[in-house]
Amino acid sequence: MSAGPLDRLWGARRGIERYVFKNAASAMRLGALDLVGRVVVVTGGSSGIGLATARRCLGEGARVVIVARRLDELEQARAELSRSGEIHVRQCDVTDEHAVRSMMADIEESVGPIDVLVNNAGRSIRRSTVNAADRMHDYRRTMDVNYFGAVACTLAVLPGMIERRRGRIVNVSSIATQALGPRFGAYAASKAALDAFGEVLAGEVAGRGVTVTSVKMPLTRTPMIEPTGAYRKASSISAGQAATLVMRGIKYGRPRVSTLVGEAATVGTTVVPGSMALWRQVDYLAVPESAAARGGRGPSERS
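Numbering (my numbering), first residue to last: 206 to 508.
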């Protein structure tokens with residue numbers, strides 16, 4: 206009995222699936238990346254996590270370009286890192302798409318093809334939604350840096366990575382997208398958007414030698430969190446420990462780098478969402494709004 210149209214269509218679909226899976230799996234078996242001579246671009250690289258990541262990459266023989274807005278901080282970082290290897294600096298605001306494209310093209314021409322992009326530049330805002338009812342600009346500028354800025358950098362380097370069939374994009378996301386803690390509506394939403402973008406992109410480039418990683422970063426002791434007094438006694442990791450998490454994404458191209466606490470929060474939100482919502486309410490009531498959020502020094506800091 207001859208196969209009908211639906212049977213033939215199903216057979217063709219299965220054949221395509223096997224072909225795609227075989228090629229994607231082959232391309233994703235990249236192993237640990239040898240960073241010697243590789244060009245690594247780190248946004249928000251003049252301090253905190255970015256600076257620590259740049260130092261680690263230099264230690265493994267990479268040629269590193271750190272990007273930030275403030276030239277004085279970049280020059281200070283260059284002086285600090287110059288003893289560790291080949292370091293370059295670029296002053297750029299990642300929210301300026303045209304400046305980003307021009308910068309990436311200049312790096313490709315003057316330093317070399319970009320092998321690794323670390324989207325680390327970020328803005329953190331800790332303010333309850335009820336106290337942000339007249340602050341729509343908080344949400345826009347957080348998205349501008351954390352999401353649109355990272356997307357702009359990714360789009361600028363992606364064609365070259367695909368053409369060379371090699372590249373790693375590492376997005377510094379946050380445990381906030383797993384725990385969804387109170388007062389982080391703007392910040393968590395921007396990082397969640399970046400996560401979704403990265404996961405979709407990862408599926409599109411899986412067979413082209415390019416990996417996309419989301420690093421679910423826990424609270425880290427950096428200048429970004431200094432305005433928030435509630436963090437002074439909170440459990441946190443150092444910038445060096447944070448760089449270790451970023452390096453896992455750079456070296457191994459894993460889809461996600463997370464912590465046990467973050468994974469537990471993900472499970473809790475999925476399995477017992479009601480209980481997690483209750484715990485968030487307890488957290489919200491137990492920890493007061495910071496002075497910055499009530500009108501003191503601005504709680505929004507960029508790296």
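Ideal Cβ positions, reconstructed from N, Cα and C, are used throughout, including at glycine.
Are the beta-carbon atoms belonging to residue i and residue j less than 8 Å from one another?
i: Ile-292; j: Arg-306; result: no
i: Thr-334; j: Gly-390; result: yes
i: Asp-343; j: Arg-331; result: no
i: Val-241; j: Gly-266; result: yes
i: Val-247; j: Ala-259; result: yes
i: Arg-426; j: Ser-443; result: yes
i: Ala-355; j: Glu-302; result: no
i: Gly-317; j: Arg-268; result: yes
i: Met-481; j: Thr-471; result: no
Just curious, the alpha helix (DSSP H) that residue i is in, first and last residue?
i: Arg-283; result: 276-286
i: Val-466; result: 465-476
i: Leu-545; result: Lying before the first or after the last residue shown, residue 545 is absent from the chain, which here runs from 206 to 508.
i: Thr-334; result: No alpha helix (DSSP H) holds Thr-334; DSSP gives it neither H nor E.
If we ignore side chains and look at the alpha-carbon of each, how far apart do residue i and residue j end up?
i: Ile-455; j: Val-350; result: 21 Å
i: Val-323; j: Glu-280; result: 20 Å
i: Gln-296; j: Ser-419; result: 25 Å
i: Gly-386; j: Val-377; result: 18 Å
i: Ala-232; j: Leu-483; result: With a pLDDT of only 46 at Ala-232, under 50, the local geometry of the prediction cannot be trusted, and the value read off the model is given with reservation. Going from the Cα of Ala-232 to the Cα of Leu-483 covers about 44 Å.
i: Ala-304; j: Val-405; result: 25 Å
i: Arg-234; j: Arg-459; result: Since pLDDT at Arg-234 reaches only 49, below the 50 mark, its modelled position is unreliable, and the value read off the structure follows with that caveat. Using only the alpha carbons, I get a separation of about 11 Å.
i: Ala-257; j: Arg-369; result: 28 Å
i: Gly-372; j: Gln-383; result: 27 Å
i: Leu-360; j: Val-417; result: 13 Å
i: Gly-253; j: Glu-313; result: 25 Å
i: Ala-310; j: Met-341; result: 34 Å
i: Asp-339; j: Val-375; result: 34 Å
i: Asp-488; j: Ser-395; result: 21 Å
i: Ala-467; j: Asp-400; result: The amino acid at residue 467 is misidentified as Ala; the sequence shows Gly. Roughly 14 Å between the two C-alpha positions.
With distance defined between alpha-carbon atoms, name the residue in the options nearest to residue i.
i: Gly-327; options: Glu-494, Gly-365, Ala-273 and Thr-474; result: Ala-273
i: Ala-447; options: Asp-301, Asp-400 and Asn-325; result: Asn-325
i: Gly-365; options: Asp-320, Ala-391 and Thr-334; result: Asp-320
i: Arg-388; options: Ser-252, Ala-491 and Val-270; result: Ala-491
i: Ser-463; options: Tyr-457, Leu-450, Thr-474 and Thr-475; result: Leu-450
i: Leu-465; options: Glu-494, Gly-445 and Met-422; result: Met-422
i: Ala-469; options: Ala-444, Ile-442, Gly-414 and Ala-381; result: Ala-381
i: Ala-393; options: Met-348, Glu-368, Gly-403 and Ile-374; result: Met-348
i: Val-415; options: Tyr-457, Val-316 and Ser-329; result: Tyr-457
i: Gly-290; options: Glu-313, Cys-262 and Glu-314; result: Cys-262
i: Arg-275; options: Val-269, Ser-287, Arg-288 and Val-299; result: Val-299
i: Gly-255; options: Arg-453, Gly-445 and Val-487; result: Gly-445
i: Phe-353; options: Gly-372, Ala-397 and Met-341; result: Ala-397
i: Ser-251; options: Arg-453, Ser-395 and Val-294; result: Val-294
i: Leu-363; options: Gly-403, Gln-486, Val-270 and Asn-336; result: Gly-403
i: Leu-238; options: Ala-401, Ser-287, Gly-249 and Met-452; result: Met-452
Across which residues does DSSP place residue i in a beta bridge pair?
i: Arg-295; result: Val-272
i: Val-451; result: According to DSSP, which records beta bridges pairwise, Val-451 is partnered with nothing at all.
i: Arg-461; result: Ser-419
i: Ile-442; result: Thr-425
On the DSSP letters alone, give me the boundaries of the beta strand (DSSP E) that residue i sits inside.
i: Gly-372; result: 372-379
i: Ile-319; result: 319-324
i: Ser-419; result: 415-422
i: Val-410; result: Segment 390-410 is the alpha helix (DSSP H) holding Val-410; no beta strand (DSSP E) there.
i: Thr-300; result: Looking at the DSSP string, Thr-300 is not in any beta strand (DSSP E), and its letter there is neither H nor E.
i: Val-244; result: 244-248
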